[in-house]
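Report on the structure given below.
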Amino acid sequence: MRSSFLISVGFAVILAATALPAASQSSDDTIKEIERYRAALADGNPAELWEARGEDLWKQTRGPKMASLEKCDIGLGAGIVKGAYAVLPKYFADADRVMDLETRLVHCMVNLQGFTPEQAKKDPFGGPSKKSDMEALVAYITGASRGVQMNVASNHPKEQEYYELGKKIFFHRGGPHDFSCANCHGADSQRIRLQDLPNLLKQPTAQRAYTSWPAYRVSQGELRSFQWRLFDCFRQQRFPELVFTSDASVALTMFLAKNANGGVLSAPSIKR
Amino acid sequence: MSDPMRIRAQLMGDKVDVRVLVAHEMETGLRKDADGKIVPANYIQSVTATCNGKTVLSAQWGPAVSKNPTLAFKFAAAGAKIGDKVIVSWVDNKGDKRSDEAAITAAS
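As you go down the protein sequences, you meet chains C and B in turn. Here my numbering is used: the first residue of the first sequence is 9, the next is one more, and so on. Here my numbering is used: the first residue of the second sequence is 1062, the next is one more, and so on.
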């Protein structure tokens, strides 16, 4: 008994010794392998299924007013979908508020289609046997901006105010872990398990990160919107639940989107 | 009723390259939900693809295939030309079925 224990300890030491050089090899190899895996996944991205469903929803007459969303102004004028995602979030005079895509869609569903805000915000994120219309619409609209350069403005004082507020939230430490977004996303080469955590304060990495959302999450079998991305970051930080389309969520999106200006949208992409 | 498949069929030389995105839950029957109850199995069991009345692919799938699977295959064109239709159908273990088609296009 005792000797077998010693032998296994001996083995463990040898294993550890042989594993060390491999582990200390540049982490570039790992990153390259993950990239290769991502490239293999990208061929046949199920996000297309959401885009198709979203396009139908966009054109369907729905709600008490029996209207489609085709007259909805999501940033570039009524009914213009292509390129609109690249200018969001933005200040909308008709609502006197800075809005991101989801917030604007809720606004249109309420004002054009006659839904109540509660109905429009029902099922913001899909789950098992529960499809989210919101995520499908988001997929369609962002998909129409593939290849377009991010161009978020900050001319309006409200836009500047939201940007500053978002910046504050990004650096705000709190929760049981005394944690801020910047703890993970404010330095280079950070990683959680195998996932690279992009440095969202540097332009190239911020661009690459922001322009790849929304994305199809293979591990969840769902297309995830940017509102979900922030919601889940808050959950992982053990912060209070981020309220869907709240000012805080839009402000943080404003901060991250503006930092990604100049990046070319590739969303909806695919992630592990 | 499940969502439609997305099918792309391209003529590449003497072969037709087909890519299909299938919208399906593909539940294995082994998972439990939040209440600890087994989520009933629901997965595609047979897939067939035809072109001009000829079966060009016949497959038997099981629970190991992922949710929203993607299927890619090539078949010998053998007379099939641009504009001809490729029809893909599946049947799952509950008897639900779906069939969608796409016209063959030139390679992009």
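Just so you know, even glycine gets a beta-carbon here, dropped at the ideal spot from N, CA and C.
query                                                                                                                 : result
Residue-chain proximity (B:ASN1129, chain C), Cβ-Cβ < 8 Å                                                             : yes
Three-pair Cβ contact test at 8 Å for the stretch 1128-1136 of chain B versus the stretch 46-64 of chain C            : yes
Short Cβ contact (8 Å threshold) for C:MET142 with C:GLU110                                                           : yes
Whole-angstrom C-beta distance between B:ALA1120 and B:VAL1077, which should lie under 8 Å                            : Their Cβ separation, rounded to whole angstroms, is 16 Å, which puts B:VAL1077 and B:ALA1120 out of contact at 8 Å.
Contact between the stretch 143-163 of chain C and the stretch 259-271 of chain C (3+ Cβ pairs under 8 Å)             : yes
Three-state secondary structure assigned by DSSP to B:ALA1164                                                         : strand
Of the residues C:ALA101, C:TYR99, C:ARG112, the one placed nearest C:GLY87, counting alpha carbons only              : C:ARG112
B:TYR1104 CB to nearest heavy atom of the ligand NAD below 7 Å                                                        : This structure simply doesn't include the ligand NAD, nor any ligand for that matter.
Cβ contact check for the stretch 1091-1106 of chain B and the stretch 1142-1154 of chain B: 3 or more pairs under 8 Å : yes
Buried/exposed call for C:GLY253, threshold 16 Cβ in 10 Å                                                             : It is worth fixing the name first, because residue 253 of chain C is Thr in this sequence and not Gly. When all chains shown are included, C:THR253 counts as buried.
CB of C:SER188 within 8 Å of CB of C:ALA92, strictly                                                                  : no
Test: C:GLU56 CB closer than 8 Å to a CB of chain B                                                                   : yes
Buried versus exposed call for B:GLY1144 [16 or more other C-beta atoms within 10 Å across all chains shown]          : exposed
Any chain C beta carbon closer than 8 Å to B:ASP1096                                                                  : no
Short CB-CB distance (under 8 Å) between C:GLY85 and chain B                                                          : no
Local conformation of C:VAL251 per DSSP, three classes                                                                : coil
Rounded Cβ spacing between B:VAL1083 and B:PHE1134 (contact assumed at less than 8 Å)                                 : In fact, because the Cβ distance is near 13 Å, the residues do not count as touching under 8 Å.
Bounding residues of the beta strand (DSSP E) (the contiguous stretch that carries C:PHE234)                          : Counting along the chain, C:PHE234 falls outside any beta strand (DSSP E), though it belongs to the alpha helix (DSSP H) covering 234-244.
C:ALA31 versus C:ASP204 - alpha carbon distance                                                                       : With a pLDDT of only 42 at C:ALA31, under 50, the local geometry of the prediction cannot be trusted, and the value read off the model is given with reservation. Those two C-alpha atoms are separated by around 17 Å.
Min CB distance C:MET262 to chain B below 8 Å                                                                         : no
B:ASP1153: contacting residues in chain C (beta-carbon distance under 7 Å)                                            : The contacting residues do not exist; B:ASP1153 stays about 15 Å from chain C at best.
Anticipated Cβ contact below 8 Å, C:THR213 with C:PRO206, distance rounded                                            : 4 Å
Distance between C:LYS90 and C:VAL272 (C-alpha atoms, nearest Å)                                                      : 14 Å
Counterpart residues of B:TRP1151 in DSSP-defined beta bridges                                                        : B:VAL1108, B:ARG1159
Cutoff 8 Å: B:ALA1125 Cβ touching any chain C Cβ                                                                      : no
Sequence ranges, beta strand (DSSP E) only - wholly within the stretch 141-220 of chain C, length at least 3          : 198-200, 203-205
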